[in-house]
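Okay, structure first, notes after.
Number of protein chains: 2
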Amino acid sequence: MKPDEGRRRVVIEEVQPQVDYGVAPARRFLGDSVAVSAAIFCDGHDHIAARLLWKHQSDPGWQSTPMTALVNDLWSASFPVDRIGPWSFTIQAWVDHFDTWCADLKKRLAAQPDPASSDPAKRNLPPQDIPLALTIGAALFDQIASRAKGADAKQLKSIAASLRALAGKNSTLYEYPLTPEDEALAVRYPDPSFASTVGELRLWVDRERARFSSWYELFPRSAAPTAKEDRPARHGTFADVELLLPEIAAMGFDILYLPPIHPIGRAFRKGPNNSTTPGPDAEGSPWAIGDSRIGDLLVDPCEGGHKSIHPSLGTPADFDRLLAATRANGMELALDIAFQCSPDHPWVTEHPDWFLHRPDGTIQYAENPPKKYQDIYPLNFESPDWRALWDELRSVFQFWIDRGVRVFRVDNPHTKPLAFWQWCLAELHRDAPDAIFLAEAFTRPHLMYGLAKRGFTQSYTYFTWRTEKSELQSYFEEITKPPVSDFFTPNLWPNTPDILHASLQAGSRAAFQQRLILATTLAASYGIYGPAFELCENVPIKPGSEEYLHSEKYEIRRWNRRDPNSLAPLITLLNQIRRTNPALQSDLSLHFHPVDNPHLIAYSKSTLKPPPPLTLAETLTPVPPPAARPAAASGTEPANTILVVVNLDPHYEQSGWIDLDLKQLGIRHDETFDVEDLLTGIHYQWHDRSNYVALNTTTQPAHIFRLTCTNA
Amino acid sequence: MKPDEGRRRVVIEEVQPQVDYGVAPARRFLGDSVAVSAAIFCDGHDHIAARLLWKHQSDPGWQSTPMTALVNDLWSASFPVDRIGPWSFTIQAWVDHFDTWCADLKKRLAAQPDPASSDPAKRNLPPQDIPLALTIGAALFDQIASRAKGADAKQLKSIAASLRALAGKNSTLYEYPLTPEDEALAVRYPDPSFASTVGELRLWVDRERARFSSWYELFPRSAAPTAKEDRPARHGTFADVELLLPEIAAMGFDILYLPPIHPIGRAFRKGPNNSTTPGPDAEGSPWAIGDSRIGDLLVDPCEGGHKSIHPSLGTPADFDRLLAATRANGMELALDIAFQCSPDHPWVTEHPDWFLHRPDGTIQYAENPPKKYQDIYPLNFESPDWRALWDELRSVFQFWIDRGVRVFRVDNPHTKPLAFWQWCLAELHRDAPDAIFLAEAFTRPHLMYGLAKRGFTQSYTYFTWRTEKSELQSYFEEITKPPVSDFFTPNLWPNTPDILHASLQAGSRAAFQQRLILATTLAASYGIYGPAFELCENVPIKPGSEEYLHSEKYEIRRWNRRDPNSLAPLITLLNQIRRTNPALQSDLSLHFHPVDNPHLIAYSKSTLKPPPPLTLAETLTPVPPPAARPAAASGTEPANTILVVVNLDPHYEQSGWIDLDLKQLGIRHDETFDVEDLLTGIHYQWHDRSNYVALNTTTQPAHIFRLTCTNA
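Note that the protein sequences, when read in sequence, are chains A and B.
Taking this note's numbering as reference, the numbering of the first sequence is continuous, increasing by one, and the terminal residue is 712.
Taking this note's numbering as reference, the numbering of the second sequence is continuous, increasing by one, and the terminal residue is 1424.
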């Protein structure tokens, strides 16, 4: 034990936020106020004091603020995060002998006998040794002065002297001798000699786009302008994508995500509809990455792997131009990084050790017996040469980061070791803390959460398969609250090139509308695979399958972006609503409200501050009833509160009564308030908690209400 | 990173049991089967294997057992604890290439084309490369053989050879080539090269008495035989207590607990009813410990502090005789250790540094302004001489341990630093792992739980103040389930010398009955302060106070142990029921059942094993409905199931319908079962979940049913 270890009497426990006791950093976003809480207590009845300390990794020293005691030994304080990247925080707490003395002195003074009182009970109270208490206080002020300097030290010493003088006066009835200024001065020089502390806890702060983002996925191969006579369609290029940027930006998206743009292998190349016997013109799957022979054919020779560009899409210069044009349109470009190889990938010959070899000398292709994926070689992470493999994989990201890309959708990260991601993402984030990594892991919960804990910024979710009210509600309550929300940020996709969910196949346009409204309002980040989504593409390759018929994964598609039935106008409106309502730009306030119809789901999001937990002072004095407590908006902006009601039935109108949780909405009991439907512009006057809604499947599939308190 | 760190693909998380991520050991009891669970998973689709390892600290090596996969990446296994003291456990998990190969081979075989099939679809299936898979298997068996020796190695090599031979045969339709014995042999030689592991987790195992105990507290000063004429009563002695032992043992108690037995200080000694102006005959409070002058008066001189005996109680030899007599009566003696001093304690002069000195040179007595406790000096744990203080305090326990005492009730541990207890109890437990420490901390939850985490065996609880059904239920659900039950063992006291609860003051004999039945059946450990309890002593010193009038803390009391209204017969019966029904000897199975009357509370305890969580195999095959799953008793004993229903209203008869959780009771839906009231011996036939009870306040305050399934 250290020399003074036994004299540290304060215990600090249950520090929040933390993920698995500090194994992973908790995640927050730029501009957040990070609320830190802990259970802090010591033996006996002495008062304690605590302070929160924090720093960005690049700061030379700590900043600090006092913590406040709430009920039941819980303390809290907050700090603002004004830079992205790694932060640390910790807590110090100590026995506060000065505060204990002040409180005891007040109790003594209140209990001292008053010789002038007309009440004999007050006259005959036992003595309270006030002079001795004052002398003890004087000694305390001397100690405090010894930790101060200059004018403060002088002032503290003078308070000590005046306490001693008062003690010497031998008064009959004493008054409290300190001014609030005296107390405040003393508090500035606490005695940390025997302070307890906790190990530094880590926090990772991401930029705003990590919290609030709207993704649009398209296959550049299908981006060529549609010309009816022009069959088969020409292979789209980066230049074609450039021409589409204004339209995509106008819909309100901020991230344009492209499937892998690398050369596609030739061996075992797949044909349309995943055929294993394709014709010579088959384009293959962009996820069968690598063609080492392609470099020789190009003006700019390339290695033909993950750092190369498919020649049919364009040149590296074309890519740079697309990247710049995307930015010019107010968007960012996201690349798809899929760590797997076609048999033609240069790594196959350059690094045979990175693959598993079979006894017949062949390389093990991807298999899920009895299924075979002979166009794909998985990487062998148990390779003795794993260090070189890790370095090379990291360098793939670094190559595109150096080129200017900052957003990555990572394909199947759950088939690579978690230890690799922990190392790789930390390495990349060190120099590019603004990089965003979206984990495309559709797998079991522990593995999905495990990836998020190891550094993925956003994660795909089970949303695609959650269609019933109860399963939507329980899933979103899990992922938008701590502990999960401390490390996991959802990104909702109603469709992907791999997933055409049964509900979309069966529900037609109304189902697409509902799923879109859910995705855009349940989570601050969402994405669609277009134009398949806005054109309500819903034909599967066969009944019971989630694969599209004529999937773009295996062939060039022609899309009629001018289709009058396109959902583009609704998408545009929803993205506008998301941009103008800060409530929809974060997930943490999501709250479900009961509706008496299982086909109607209702939930709210708000920038209202959550009602603060009671402080110790409030529990000792009468507390105003919760409904009357003012719920202030964070910062100086007025609060923004959105209430969404969606009809989950794609076939029939549904109606019912919502039972609003008024406290959550910052509305007083019995109050009348305005609700404006942002989808239609119509205003309604609602009153108190119980309100009626009726939603048609096609003309009015949902309400997105903005709430305004009439008397606010 | 270590050389092979990157090749360890398995993640182990959420290991249970553990307390605050290993900060404190989890607690179990001798004979327990410790169920360990964890989330264990890896990237990709490979199978994994895991094993649980454990050892008692005194064991030279680890024992191990395979873990079983349950649903959702959770794995579990158990180990028995057959010795008390410190245990460790850990988990190893690795990618199981052998198991993956077996499973894949079975899938390949099931999908191979069958040229003899009449079904053209079966005839035309794509080839499955079985010979290559067999060759890979042969290589695996060679590797496994290299880890084996002797006959096993030979056998494994012969399996490899036969797989190779089979691969060479070029058969048209293969069958699974391994016998269960082949597989079992391979499993015995796993490849732990890239196994992941977790840090060792600690477990502390206590003896049975720590889990199941019945305490009786009495003041030896009042133990002299009652003689009507003999006023004032003679001071009781250890010899008097000896005479009472058969009677206390006959009531069924197993721990006799005495308030402090040390010399009592003279300075500021308290008189009857806590008077500060006592007469010369005042006995003082046993908690005002220490009289350094007393040693000179005795035949065996003593230091007069915590290692000395009050001369009015007897000599050290008398104490030894009482200790032996207690054991002879099948009980243990518990001492009260209160670390505080009277002004006459020898430490005051020998170690002035252990106390806080005031500017006037006096020592700071205990204060809670405006209240003063001038007969008590608290110890100053912030003393620079804290190490010597800690050592001396530890030596107090050690002194009595060396004398043969193994059970201690520790007074106000929450007014001493938690760091001290952590050190002190660990030191004492090292040589006396059978020592039991009961924490008398009536304080806030974090502090009470903090003491338990730092080594206290049992803890006083809020039971004394929980009288309503809802508050009893929520409190006991908290303390009898993890995480709390992993470190906290409750000991329920319906009364103590400090606490005569309002419900006892108001409720008279019926209230004493109810509180006794609750205490004896809600928790496996309980205690009463007698004879005040069995004689229903219920007069407070003043209205609104929890202090007794004429408290034994300040004077000698005379008790009529032959009072015909004594609750001794009920106490005897309840202790018999507890001894003969193992269900009541542990807290972990406590389960509340709804009753439609707020004055009736119903709960069960059972030795039925909890229904096992589903295993992975069960989720892949149809699972029988829960009610039909046989709930086996632990070990070979038949299950013991107790259902308790208590009328919480001390004034009126109450009746209502219980809605039994049949699954919890191991009873099938629609079953008829026998319930025997162990308080009356009357049997009832009950049917299904809904059953009626009516409880009179005095004649039948409760049912304690033993359940027997008629068809079991």
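Backbone N, C-alpha and C fix where the C-beta goes; we use that ideal spot for every residue, glycine too.
Computed from a prediction, not measured in an experiment: that's the story for all the values here.
Taking a C-beta distance under 8 Å as the contact criterion, residue 35 of chain A and residue 76 of chain A qualify as a contact pair. Along the region 98-122 of chain A, the positions whose C-beta sits under 9 Å from a C-beta of chain B are 103, 104, 105, 106, 107, 108, 110, 111, 112, read in chain order. Annotated three-state conformation of residue 30 of chain A is coil, per DSSP. If you ignore the 5 residues before and after residue 873 of chain B, its C-beta comes within less than 8 Å of the C-beta of 850, all in its own chain and listed in chain order.
Interface criterion met: the Cβ of residue 847 of chain B is under 8 Å from a Cβ in chain A. Straight across, the Cα-Cα distance linking residue 948 of chain B with residue 1267 of chain B is about 11 Å. With contacts defined as CB atoms closer than 8 Å, residue 1045 of chain B and residue 1119 of chain B qualify as a contacting pair. Excluding sequence positions up to five before and after residue 108 of chain A, its CB lies within less than 7 Å of the CB of 128, 130, 133, all in the same chain and listed in chain order. Secondary structure at residue 1107 of chain B: helix, using DSSP grouped into helix, strand and coil. Under the Cβ criterion of 8 Å, residue 1219 of chain B is not counted among the residues facing chain A. Residue 1375 of chain B sits in a helix when the DSSP states are folded into three classes. The C-alpha of residue 724 of chain B is placed about 47 Å away from the C-alpha of residue 1226 of chain B. When the beta-carbon positions are compared, residue 1151 of chain B and residue 1168 of chain B come within less than 8 Å of each other. Residues of the region 730-761 of chain B with a C-beta less than 8 Å from any C-beta of chain A: 732, 733, 751, 753, 754, 755, 756, 757, listed in chain order. Boundaries for residue 1139 of chain B: no beta strand (DSSP E) harbours it, while the alpha helix (DSSP H) harbouring it runs 1130-1143, taken from the DSSP string. Within the region 214-296 of chain A, the runs of beta strand (DSSP E) at least 3 residues long that lie entirely inside it are, in chain order, 255-258. In this structure, the alpha-carbon of residue 80 of chain A lies about 13 Å from that of residue 86 of chain A.
Of the candidates A:251, A:14, A:32, A:32 places its Cα closest to the Cα of residue 586 of chain A. With at least 16 other beta carbons inside 10 angstroms of its own, residue 415 of chain A counts as buried. Residues of the region 66-84 of chain A with a Cβ closer than 7 Å to any Cβ of chain B, in chain order: 72, 73. Assignment of residue 677 of chain A by DSSP, reduced to helix, strand and coil, places it in the strand class. For residue 915 of chain B, the enclosing beta strand (DSSP E) starts and ends at 913-918. Excluding the 5 residues flanking it on each side, residue 196 of chain A has same chain C-beta neighbours closer than 8 Å at 8, 9, 10, 11, 12, 92, 93, 94, in chain order.
In terms of beta-carbon proximity, residue 170 of chain A stays away from the interface with chain B, with every pair separated by 8 Å or more.
Its chain contains 414 as the residues whose beta carbon lies nearer than 8 Å to that of residue 443 of chain A, once the 5 sequence neighbours on both sides are disregarded; these appear in chain order. Look at residue 200 of chain A: its C-beta is not under 8 Å from any C-beta on chain B. Across the set B:1368, B:1421, B:1372, the C-alpha of B:1421 shows the shortest separation from the C-alpha of residue 1351 of chain B. Interface flag for residue 381 of chain A against chain B is set, since a Cβ pair is found closer than 8 Å. Counting only runs of 4 or more residues that sit fully inside the region 1047-1134 of chain B, the alpha helix (DSSP H) segments are 1058-1062, 1098-1115, in chain order. The CB of residue 96 of chain A never comes closer than 7 Å to any CB in chain B; the least such distance is about 13 Å. Boundaries of the alpha helix (DSSP H) around residue 1227 of chain B: 1214-1234. Here the alpha carbons of residue 90 of chain A and residue 54 of chain A stand approximately 6 Å from one another. According to the DSSP assignment, residue 123 of chain A belongs to the alpha helix (DSSP H) that extends over 120-123.
Rounded to whole angstroms, the separation of the alpha carbons of residue 663 of chain A and residue 459 of chain A is 31 Å. Around residue 480 of chain A, the same chain offers 587, 588, 590 as residues with beta carbons nearer than 7 Å, after the five sequence neighbours per side are excluded. A straight line joining the alpha-carbon of residue 1112 of chain B with that of residue 1106 of chain B spans about 10 Å.
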